[in-house]
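For the sequence shown, this note's numbering gives the first residue as 125, with consecutive numbering after it.
Note that beta-carbon positions come from the ideal geometry of N, C-alpha and C, so glycine has one too.
These numbers were taken from a predicted model, which means no experiment stands behind them.
First comes the structure, then the notes that go with it.
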Amino acid sequence: MRSCFALFKSEMHPVELLGTIYRPHRYDFKLKYFTRDFPAAIVDRVTPLFCIANLEDLAAKQQTAEAFFAEILPQAEAKLYSNTNSQN
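This is the structure we're talking about:
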């Protein structure tokens, strides 16, 4: 069985993962309503990742995004597992 990390990393964008935490009722809206639905600290952290100056900047921002993804994954897993367990 694949781990949740492998599943999310291969199939989800970090904003979708954040959506499972902060707006589970509409997590599939991707960037629509991003600045409205997420806390300001999250918006401030993610927004700079969208502007890429060059290939070196892209590589650095990819590493930053992957580290952030790994950081928020446990929160998303806990939320998903708690919702699954509450339905049983």
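Buried versus exposed call for residue i [16 or more other C-beta atoms within 10 Å across all chains shown]
i: phenylalanine 162; result: buried
i: leucine 155; result: exposed
i: proline 138; result: buried
i: leucine 179; result: exposed
i: alanine 200; result: buried
N-terminal and C-terminal residue of the alpha helix (DSSP H) that residue i is part of
i: proline 138; result: 138-146
i: aspartate 168; result: 164-170
i: arginine 160; result: 158-161
Residue from the options with nearest C-alpha to residue i
i: serine 206; options: Cys175, Thr144, Pro138; result: Thr144
Assumed close pair residue i, residue j - CB separation to whole angstroms, cut-off 8 Å
i: leucine 141; j: leucine 197; result: 7 Å
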